[in-house]
Each structure stands twice: as structure tokens, then as C-alpha cells.
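Numbering (the numbering used here), first residue to last: 162 to 386. Report on one structure; see the data block that follows.
Here's what the structure looks like:
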């Protein structure tokens with residue numbers, strides 16, 4: 162019913178994830194991020210578990226401790242699929258026994274792919290391969306992995322929504338984009354990122370140094386956000 166890909170860039174300290182599913186507004190339900198840590202709750206999702214995991218991370222837990230905190234707090238963990246990727250450790254996951262095949266998780270270099278109700282056993286390996294082989298920004302590498310997963314079998318039902326978020330070590334999100342209802346959510350997300358990327362640095366500058374930030378007309382026409 163859902164597949165997700167977390168990734169990190171050890172050179173820049175940026176970390177983030179992408180997710181897609183066959184229902185609306187997946188970005189409101191699956192995944193959360195803090196500087197240095199991504200957590201997932203999916204399959205039969207409980208977004209409250211994100212807060213549990215991130216609180217454990219802030220309290221000093223490693224990836225294994227974060228995952229255990231979420232698993233211990235989960236009601237009916239056999240229905241839950243949980244994931245953790247930190248800047249410091251390998252990606253870890255819990256896939257409950259009631260999660261629908263194909264299901265599971267796979268760690269790669271600087272990434273973690275998890276999914277359930279997938280169209281083939283090739284989806285997770287292809288997500289990792291796509292991420293590892295891609296060049297460019299962390300966002301572009303996450304999108305490459307997600308599109309590779311779609312090409313390898315996607316999930317069994319047609320995709321409907323997608324979400325992409327990347328956070329810097331300064332606690333600012335460089336990217337926070339979602340497609341809530343579409344027949345081609347990953348392709349739409351890729352196009353939305355292409356429109357966002359040239360403007361991202363200017364909007365970030367507004368938070369860090371507003372006196373130096375360009376005017377709205379320079380950034381994006383008549384936008385005043």
C-alpha cells in the first residue's frame with residue numbers, strides 16, 4: 162500500500178525522504194524528519210509513532226533505540242511497518258507479520274527503502290539501486306530511487322499521492338513538497354521539484370538573513386510568501 166525511501170548526504174548533513182501510496186495525501190500521514198533522523202510509520206499507519214521516535218532520537222537514542230521506542234509504543238505492531246535512518250547509523254526497519262506481500266525493508270549506501278503490498282520483489286532493490294546510482298541533489302537522488310521502484314513494479318494499486326522532504330542541519334527544510342491527488346504523483350512531484358529547486362535558496366535566505374534576501378518579484382513573480 163505504500164513505499165518510502167529515506168536518504169542522507171554525509172557531506173552536507175542533509176537528510177530526508179520520499180513516499181508514495183495508492184490513497185490521497187500520503188504526506189499528511191507517513192514519515193517525519195528532524196536534523197539527523199528520519200522515521201516512518203506505514204502499512205496501517207499511526208502518525209503518533211513519529212513523535213515517539215523523534216523524541217527518542219532527541220533524547221540520545223541511536224537508530225536501534227529509536228526503532229525500539231516506536232515498536233514498543235505501537236498498538237498491534239503486527240500491522241505496523243516502521244523505519245529509521247539516522248546520519249550516524251544503518252537504516253533499520255520493523256515489518257509486522259500482517260503487512261501484505263511483497264513487503265519488507267532494505268538498507269543501501271546512505272539510504273533505507275521500505276514498502277508493503279508491492280507489485281514485485283524487485284521494487285525495494287531497485288529503489289536502493291536508483292538512489293545509489295543517481296547524481297545530483299539529495300532530492301534528485303530520492304526521486305530517482307522512487308521512480309526506479311515504480312518501474313520495477315510499484316505497488317499493486319495505482320499510485321495517488323506522493324511527498325518529498327529534505328532537512329538541513331540548521332533545522333530548516335530545504336524542500337517540503339507534496340502531491341495529494343494525482344494519477345501520476347511521482348512524475349508530478351518530480352516536475353514540482355524542478356520548479357522549486359531554483360527558488361529554494363532564496364526562500365531559505367529569508368529565514369537566515371532577510372536583509373540580504375531578494376525581493377518577491379525576483380524569486381517568483383508576485384509571490385510574497
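C-beta atoms are modelled at their ideal positions from N, C-alpha and C, and glycine is treated no differently.
query, result
"Residue 278 by DSSP, collapsed to three states: which one?", "coil"
"Identify every residue that forms a DSSP beta bridge with residue 376.", "In the DSSP output, where bridge partners are listed per residue, residue 376 has none listed."
"Would you mind working out which of 344, 285, 301 sits nearest residue 320, comparing C-alpha positions?", "344"
"How do the region 307-322 and the region 273-291 stand: do at least 3 beta-carbon pairs fall below 8 angstroms, yes or no?", "yes"
"Taking buried to mean at least 16 other C-beta atoms within 10 Å of its own C-beta, is residue 162 buried or exposed?", "buried"
"Going straight from the alpha carbon of residue 234 to that of residue 373, what length do you get?", "45 angstroms"
"Using a threshold of 8 angstroms, state whether the C-beta atoms of residue 191 and residue 201 are closer than that.", "yes"
"Is the Cβ-Cβ distance between residue 325 and residue 308 less than 8 angstroms?", "no"
"Using 8 angstroms as the threshold, is the region 204-222 in touch with the region 236-255, meaning 3 or more CB pairs across them?", "yes"
"Just verifying my parser: in three-state terms, what is the DSSP assignment at residue 212?", "helix"
"Quick check on the DSSP output: the beta strand (DSSP E) that includes residue 199 runs from which residue to which?", "198-204"
"Leaving aside the five residues before and after residue 263 along the sequence, list all residues of the same chain whose C-beta is less than 6 angstroms from its C-beta, in chain order.", "279, 282"
"In whole angstroms, what is the alpha-carbon distance linking residue 359 and residue 195?", "24 angstroms"
"Return the first residue and the last residue of the alpha helix (DSSP H) that residue 291 is part of.", "284-294"
"Would you call the CB atoms of residue 331 and residue 169 closer than 8 angstroms?", "no"
"In the region 287-350, which residue ranges form an unbroken beta strand (DSSP E) of at least 3 residues, counting only runs that do not cross its ends?", "322-328, 334-340"
"Quick one: what does DSSP say residue 165 is sitting in, helix, strand or coil?", "strand"
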